[in-house]
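I have placed the structure first, in the form of structure tokens, so that the comments after it can refer back to it.
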């Protein structure tokens with residue numbers, strides 16, 4: 004018995020059982036060992052049985068007990084019994100008077116019960132073929148209910164079946180009782196091995212400073228059990244995504260632009276050659292402002308946009324024709340894309356080759372639902388330099404998305420009002436192609452009036468959709484109106 | 038984006054008319070490369086999204102026309118074949134102020150279908166095409182409206198007159214005569230489009246030689262000219278204010294009918310200025326494209342033959358590539374301009390390609406025709422240093438500090454309302470408030486000045502979760518219409534109170550390099566808020582000044598305020614101005 008490893012309860016129980024020959028019930032174990040907790044007794048008995056020191060006898064019984072509705076039926080009488088009394092006492096036991104005397108929830112099922120008992124409806128009246136038999140059956144049912152609990156073997160199976168089919172009238176449950184009898188191996192254990200040892204749960208500084216821990220035993224814990232998760236601080240998943248994207252841009256030599264949400268329709272749309280009657284400019288898509296209602300723009304810019312929109316100016320374009328309104332241009336709005344800031348940066352720095360990016364919020368007039376919010380994050384990068392081409396843009400996109408973790412990238416034609424050519428970018432995401440951004444080269448109607456010297460490659464994407472995919476989220480609101488338990492349970496991205 | 042639904046068997050029939058075989062598998066692979074998104078494609082139906090710049094792909098017929106060149110190498114011509122016809126429209130001069138542009142065409146011998154089902158699909162497609170064109174070209178019939186009639190039911194010549202509102206006829210979908218003003222008030226189409234004629238005292242009406250009404254543009258057609266199952270010969274009228282949109286619409290309806298072997302006959306319109314116009318023009322537009330754009334903008338060199346084939350695949354046609362003289366600059370500033378001694382491609386473009394505004398648009402078509410997948414590789418050459426936003430480190434340090442203190446970051450909407458930002462918090466607006474004209478709800482009428490209200494709203498949505506909650510937001514507010522950065526946090530905990538929040542503030546100030554020692558270079562001085570200013574509980578809240586600059590406040594939230602946000606737990610927190618923190622604290626490194 005070198006490998007004998009007993010817990011203190013097992014030691015105590017075995018020492019009590021040694022030399023006996025009877026079956027020990029849980030109750031007997033509890034009183035002999037002076038325990039209150041059945042789980043300790045069962046655990047000790049099972050532990051000893053597992054090591055072959057006692058024999059465990061398991062006796063399973065199926066017990067029929069009274070259910071929630073059964074208790075009520077015992078107090079007020081079974082539904083069929085109340086109905087039968089009413090039929091017997093009533094002068095006019097008809098269907099219509101039944102519905103006056105009983106709730107609808109009882110009348111319906113009640114008729115069903117009565118029919119099974121042999122009560123039929125004849126010309127609207129409820130009539131029993133054999134009133135004595137009905138009386139007897141109802142009596143048997145009531146008696147059965149009041150006789151519970153009982154072993155299932157002692158019950159009439161037909162009665163159990165019929166009552167089981169009714170809601171919570173009875174409950175049939177299995178109970179297990181254990182008894183133990185000491186085995187020869189158990190009797191052979193030397194009593195010195197059954198002396199209980201000090202068992203240490205918590206290791207404290209006081210304990211470690213004393214010497215008592217040296218002979219003591221450390222409690223073995225069930226390592227599979229859950230503990231409480233400590234409260235901790237962490238980044239919002241959107242912040243984590245933003246930081247990843249910022250570092251990719253910074254590594255690739257892009258500088259960061261930060262600018263205001265409040266902008267003019269002129270810079271947000273006219274400068275980008277979006278026609279003034281474009282549907283996206285309407286009140287149902289863009290947030291316009293009461294304050295500031297209108298924002299002054301430089302005369303030179305208004306004139307440039309007017310001529311480009313109306314006739315193409317000197318860009319060689321036909322323009323949109325129609326009439327350009329400076330008042331529309333000056334309207335204050337919440338930016339609908341970060342390109343409004345990129346284009347102003349280019350207007351201020353038309354000669355200097357640059358690579359700039361932004362990751363920031365934009366606004367669209369969307370009602371809040373599972374897939375829409377009125378504000379969300381957009382990322383955008385541009386390259387303006389001599390020799391910037393569509394081929395360079397596609398190469399840069401491949402580098403950018405590879406750094407994000409998506410090495411497989413493909414592009415196909417797309418349409419955006421201010422780029423030509425335009426591209427849709429798709430990446431391989433978990434085995435399937437996923438649209439993850441748009442790109443293109445700014446139209447001459449956009450760059451030439453501002454005196455921008457070189458072609459401008461641009462691309463962008465919304466960030467929330469990626470966040471939702473990564474987090475397996477089907478409701479975008481969770482990102483901005485978060486459930487804090489959900490937020491804390493998210494992986495660090 | 039507009040979507041169209043096309044029956045595969047219609048495409049099959051249309052291609053068969055041209056001697057071609059429809060291939061469903063090829064569509065799934067290759068049609069997206071033309072610049073259309075396939076929503077779904079099965080054995081019965083094709084549903085595709087059409088980019089708003091391509092109104093020429095909005096019907097089964099015009100789509101099949103593009104498919105011939107792009108997928109089947111059956112290159113189509115960039116113009117319409119037109120026979121001379123004898124139909125005449127007389128337009129009253131008064132129309133110049135009512136609906137100045139009137140165009141027309143006749144198309145005869147259209148193959149509408151071999152059975153009733155096919156004919157029904159055709160008629161439905163014809164109606165849908167008109168509606169889609171009204172939207173794509175006309176913004177809903179304003180600039181352009183189209184009428185299509187059964188030519189056999191009417192007798193030319195036609196007159197377009199400016200009529201009094203009491204002029205009567207039987208409009209489409211009605212059994213009895215109505216006056217023009219009744220139509221605008223009672224007829225569903227009249228009510229939908231009445232605003233287009235607002236302020237006019239006479240309305241446009243087209244009559245035939247028997248004074249029967251063809252149409253009351255842009256509202257409704259007459260009932261007796263309706264296209265039926267037996268119609269083979271069609272009269273088209275297009276009216277409006279925008280000549281280019283009207284011509285495009287007319288060409289596209291003609292193109293739709295010629296894709297079914299219809300033969301176009303010209304009409305003569307004696308327009309409101311008294312000039313005789315022969316319509317439709319059907320002629321292609323000629324665009325000169327500097328060839329330098331291919332290497333300079335796209336980064337590719339293509340041979341003349343490759344350019345020719347690419348253009349043909351896109352339904353255009355290359356007339357020639359010519360060398361130009363020395364009258365041009367060496368390196369032109371405008372994309373539309375060729376360089377000295379350079380080459381230009383002279384390209385014929387169908388007049389229904391509404392999206393072609395500039396030579397760069399032809400360049401895009403050449404590249405689509407050539408295939409985006411065939412672009413060469415080209416890396417950026419200049420090396421540049423990426424510079425992050427100026428407050429990049431301050432923002433990172435704040436996040437590290439607060440997360441180290443056990444705060445979870447949240448984000449909330451910038452859109453807020455007066456109650457939450459000001460009244461509920463006992464704050465007054467000391468800066469201009471950015472206000473929305475068309476808010477989505479009464480809760481989102483302005484841009485926030487503070488972060489704390491958003492955090493309180495979030496906490497009140499989290500009452501079902503177990504305490505404590507420690508959350509912070511590093512966010513943007515807008516004051517005087519300018520973005521400002523702020524940081525705020527709140528702890529909802531059963532006990533702790535002022536001592537706990539003051540401890541956190543001490544930790545945070547240490548993390549940021551500020552000191553509570555008056556002799557230090559970054560002296561953070563704390564003084565009590567006694568008057569219940571803002572949401573703070575008097576005597577249990579304080580403001581912080583660093584080197585004399587007021588950077589923020591912290592303390593216990595007054596339970597009166599918590600109650601407004603339906604929170605009955607002790608709250609403490611803080612809010613700081615990040616821009617000021619950066620200004621006074623700078624960067625320790």
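Protein chains in written order, with our numbering: chain A, 4 to 496; chain B, 38 to 626.
Ideal Cβ positions, reconstructed from N, Cα and C, are used throughout, including at glycine.
Other residues of its chain near residue i: CB distance less than 6 angstroms, five sequence neighbours each side excluded
i, result
"residue 562(B)", "582"
"residue 85(A)", "none"
"residue 308(B)", "128, 314"
"residue 297(B)", "147, 148"
Residues bridged to residue i (per DSSP)
i, result
"residue 313(B)", "307(B)"
"residue 326(B)", "382(B)"
"residue 129(A)", "124(A)"
"residue 442(A)", "426(A), 462(A)"
"residue 364(A)", "380(A)"
"residue 58(A)", "184(A)"
7 angstroms Cβ shell around residue i - same chain, five flanking residues per side excluded
i, result
"residue 352(B)", "103, 106, 113, 115, 387"
"residue 584(B)", "559, 560, 621"
"residue 68(A)", "151, 152, 173, 174, 176"
"residue 430(A)", "404, 409, 411, 412, 437, 439"
"residue 231(B)", "221"
"residue 265(B)", "187"
"residue 389(B)", "93, 285, 288, 289, 292"
Supposed close pair residue i, residue j - CB separation, criterion 8 angstroms
i, j, result
"residue 101(B)", "residue 48(B)", "6 angstroms"
"residue 57(A)", "residue 51(A)", "4 angstroms"
"residue 328(B)", "residue 383(B)", "Actually they do not touch by this definition, with Cβ atoms about 11 angstroms apart."
"residue 121(A)", "residue 137(A)", "6 angstroms"
"residue 444(A)", "residue 400(A)", "Contact doesn't hold; Cβ gap of about 13 angstroms is too wide."
"residue 360(A)", "residue 259(A)", "6 angstroms"
"residue 255(B)", "residue 178(B)", "4 angstroms"
"residue 612(B)", "residue 538(B)", "Wrong, their Cβ atoms sit about 12 angstroms apart, outside the cutoff."
"residue 87(B)", "residue 41(B)", "6 angstroms"
"residue 319(A)", "residue 371(B)", "6 angstroms"
"residue 614(B)", "residue 485(B)", "The Cβ separation is near 14 angstroms, so there is no contact."
"residue 191(B)", "residue 251(B)", "6 angstroms"
Residue i - DSSP class collapsed to helix/strand/coil
i, result
"residue 312(A)", "helix"
"residue 259(B)", "strand"
"residue 204(B)", "coil"
"residue 482(B)", "coil"
"residue 254(B)", "coil"
"residue 203(A)", "strand"
"residue 275(B)", "strand"
"residue 183(A)", "strand"
"residue 626(B)", "coil"
"residue 352(A)", "coil"
"residue 4(A)", "Caution is warranted here: a pLDDT of 47 is assigned to residue 4(A), below 50, making its placement in the model unreliable, and no coordinate value can be reported."
"residue 163(A)", "helix"
Neighbourhood of residue i by C-beta distance below 8 angstroms, restricted to the same chain and skipping five residues each side
i, result
"residue 571(B)", "462, 463, 464, 590"
"residue 419(A)", "425, 441, 443"
"residue 406(B)", "107, 346, 347, 348, 349, 350, 351"
"residue 162(A)", "143, 144, 147"
"residue 206(A)", "216, 221"
Heavy atom of the ligand COA within 7 angstroms of residue i beta-carbon
i, result
"residue 79(A)", "The ligand COA is not among the ligands present in this structure, which contains no ligands whatsoever."
Handout entry: Contact the stretch 392 to 412 of chain B vs the stretch 399 to 407 of chain A: 3+ CB pairs below 8 angstroms
Key = no
Handout entry: Segment contact flag, the stretch 168 to 183 of chain A with the stretch 16 to 30 of chain A, C-beta cutoff 8 angstroms, min 3 pairs
Key = Yes: at least three Cβ pairs fall under 8 angstroms.
Handout entry: the stretch 433 to 449 of chain B touching the stretch 458 to 475 of chain A, judged by at least three CB pairs closer than 8 angstroms
Key = no
Problem - the stretch 263 to 271 of chain A contacting the stretch 502 to 518 of chain B, beta-carbon criterion three pairs below 8 angstroms - result: Taking one beta carbon from each stretch, the stretch 263 to 271 of chain A and the stretch 502 to 518 of chain B have 3 or more pairs nearer than 8 angstroms; the two touch.
Practice task
Give a yes or no on contact between the stretch 452 to 460 of chain A and the stretch 464 to 484 of chain B, applying the rule of three or more CB pairs nearer than 8 angstroms.
Solution key: no
Practice task
Indicate whether the contact test is met: 3 or more Cβ pairs, each with one atom in the stretch 372 to 385 of chain A and one in the stretch 360 to 378 of chain B, closer than 8 angstroms.
Solution key: no
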